[in-house]
Amino acid sequence: MAVTTPYLNATEKKHWWLTNRKVVEKYIRDARSLMATQEQSEIASALNLLDAALAIYPRLDEALELRARCLLCLRRFKEVADMLQDYIPSLKMANDESVSSDSSSQQLSREGAKLLSSDSSTSDQSFKCFSVSDLKKKVMAGLCKSCDKEGYWRYLVLGKACCHLGLMEDAMVLLQTGKRLASAAFRRESVCWSDDSFSLSNPLFSGDTTPPRAPMPESEAVTQLLAHIKLLLRRRAAALAALEAGLHSEAIRHFSKIVDGRRGAPQAFLAECYMYRASAHRSAGRIADSIADCNRTLALDPTCIQALETRASILESIRCFPDSLHDLEHLKLLYNTILRDRKLAGPAWKRQNVRAREIPGKLCALTTKIQELKQRVASGDTSNVDYHGLIGLRRGCGRSELQRAHLLLSLKHKPDKAMCFIERCELAEERDLDSVKERARMSSLLLYRLLQKGYTNVMGSIMDEEVAEKQRMKNVLEAQAVLEAQAKAVKLENQKCTVSSPSTANPAVFQGVFCRDLAVVGNLLSQTGFNRSIPVKYEALSC
């Protein structure tokens with residue numbers, strides 16, 4: 041809605057500011073009524089009214105609060121963070137590191153004085169009576185105004201926005217601070233409206249029955265949100281501790297609790313957890329799962345430098361040089377963009393894993409790496425891909441092991457199921473849903489094709505080994521048959537030699553020959569007249 045300042049006639053020129061104030065009050069009142077409907081279209085109209093009011097009074101705190109809450113209801117969290125980025129703790133710390141300690145302390149003292157002190161220009165100076173009750177009423181009213189001037193709503197609204205943007209630590213600090221300030225303000229307000237003040241402004245005497253503004257519903261929502269944030273942070277801390285200790289399976293289990301939880305998590309926080317789980321998968325030897333987690337990270341955050349570096353390194357380790365070269369070229373483009381714009385990708389409050397001063401050195405090393413990979417690709421070193429490492433099998437594995445591993449990986453990384461993780465992700469902007477799905481689908485399809493190619497290659501190797509094993513067994517059997525035939529021939533020859541040789545005669549045959557020779561000797565003796573009897577033992581003559 042455009043702002044139309046009414047034309048002022050001669051009688052209105054004296055009090056022109058009063059007209060603007062009434063216009064702004066009308067805008068704010070209409071915006072409140074539109075926001076009460078909780079409809080997206082009505083809230084968008086209320087946002088236009090508040091923009092018109094802020095065009096007249098840019099620093100009006102009430103209009104700023106309503107505008108921030110409208111943006112929060114419309115899920116435009118990035119605009120809320122841009123609007124209140126001066127209150128983000130991590131951004132303040134980053135800014136404080138770039139200045140000296142003296143200037144930073146002076147700046148913090150000025151900010152503290154600005155946030156915690158009341159506006160002296162708007163304080164009421166019209167004390168006409170110094171009675172105790174009147175003084176107490178005015179002091180309590182001043183404290184209440186001071187609490188309003190502190191703007192605790194900034195911490196609550198910005199904390200919710202930071203939670204949806206994945207800045208969990210900042211969200212926890214902001215929500216705790218806002219909750220504490222809101223509770224303190226409510227206590228002071230309740231004391232101000234109590235019956236002990238005995239002032240004429242008491243609603244019991246003035247007839248005003250409007251109860252004090254109680255932030256209990258918002259307080260309960262903030263409490264539940266804080267509990268969820270603390271749970272996610274505890275799980276991530278446990279997973280990182282296990283990862284640093286070398287307990288990769290334990291780290292994977294903790295990260296899986298976060299990314300596969302029943303309640304969704306913010307987009308940036310999930311991208312960070314997927315990135316850490318990819319490192320754990322890689323350390324555990326699960327290359328395909330690590331690549332899949334890198335794909336999910338890049339689908340949620342296409343400018344994640346760490347994910348690109350990790351995926352390029354993994355692809356290079358299994359000698360898939362063309363895909364690794366593609367990721368390195370993308371990374372080089374990001375580095376050149378950062379150097380050109382002289383700032384990191386994304387808004388100032390976005391958490392980065394790299395510093396701007398490290399980019400030139402990284403770019404030089406990256407250029408050298410790209411040239412090396414291009415030379416290896418040009419030399420034809422692209423067919424020797426380690427598919428066993430990709431699937432997670434040892435060299436010389438069997439057909440059953442390959443089929444089991446391929447079935448599990450196919451079910452886990454099937455392109456139809458690759459986008460299921462988006463259902464548990466709270467996107468910062470709903471308009472990014474289609475682009476996230478498209479990136480996830482394309483990357484999962486490339487991984488699935490690589491797995492199928494690896495399965496075909498490894499299965500071909502196993503089949504060749506099986507054919508070679510069958511041929512080897514056939515040759516062994518043929519050799520055994522030849523040896524058996526040779527053994528039989530040698531045995532027959534030995535039997536023939538045994539029959540023809542006297543030294544190897546049969547004992548029965550030897551016994552018959554001995555008896556015949558003895559009979560011949562007896563006949564010779566009888567012919568020569570030797571008629572003496574010869575004693576013979578019959579046992580020796582038995583044949």
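If you read the sequence shown in the working numbering, its first letter stands for residue 41, the second for the next number, and so on.
Yeah, the Cβ is synthetic: ideal placement off N, Cα and C, and Gly gets one too.
The alpha carbon of residue 427 has as its nearest neighbour, out of 497, 525, 298 and 71, the alpha carbon of 497. 310 is the residue among 263, 69, 310 and 110 whose C-alpha sits nearest the C-alpha of residue 276.
Across the structure, residue 374 and residue 380 are spaced so that their CA atoms are roughly 10 Å apart. Within the stretch 334-407, the complete alpha helix (DSSP H) runs of at least 4 residues fall at 345-357 and 361-381. Pairwise C-beta distances place the stretch 346-359 out of contact with the stretch 466-476, as fewer than three of them are shorter than 8 Å.
Contact between the stretch 476-483 and the stretch 450-464 is present, with at least three C-beta pairs closer than 8 Å.
Classified as buried, residue 107 has 16 or more neighbouring CB atoms from the shown chains inside 10 Å of its CB.
Taking 4 residues as the minimum length, the alpha helix (DSSP H) runs contained wholly in the stretch 438-504 are 439-452, in order along the chain. By the beta-carbon neighbour count (other beta carbons within 10 angstroms, threshold 16), residue 257 is exposed. Among the bridge pairs identified by DSSP, residue 305 is matched with 465.
Three or more Cβ pairs closer than 8 Å define a contact, and the stretch 274-290 meets that threshold against the stretch 301-321. Ranking 84, 515 and 397 by CA distance to the CA of residue 382 puts 397 first. Spanning the alpha carbons of residue 131 and residue 263 requires a straight line of approximately 24 Å. Between residue 64 and residue 111, the CB-CB gap reaches or exceeds 9 Å.
Unbroken alpha helix (DSSP H) stretches of 4 residues or longer found wholly inside the stretch 255-299: 256-284 and 288-299, given in chain order. In this structure, the beta-carbon distance from residue 365 to residue 410 falls below 9 Å.
Distance from the CA of residue 94 to the CA of residue 104, rounded to the nearest whole angstrom, comes to 8 Å. Excluding its 5 nearest sequence neighbours in each direction, residue 386 has C-beta neighbours in its own chain below 7 Å: 343, listed in chain order. DSSP, read as helix, strand or coil, puts residue 207 in coil. Relative to the Cα of residue 367, the nearest Cα in the group 352, 418 and 114 belongs to 352. Inclusion of residue 198 and residue 97 in the CB contact set at 9 Å is not warranted, their separation being larger than that value.
Residue 119 and residue 109 have their C-alpha atoms spaced approximately 11 Å apart. In this structure, DSSP gives residue 429 a helical state, which the three-state scheme calls helix. CA-CA distance, residue 392 to residue 437, rounds to 42 Å.
DSSP, read as helix, strand or coil, puts residue 199 in helix.
When rounded, the separation of the alpha-carbon atoms in residue 215 and residue 389 is 17 Å. A direct Cα-to-Cα measurement between residue 331 and residue 502 gives close to 25 Å.
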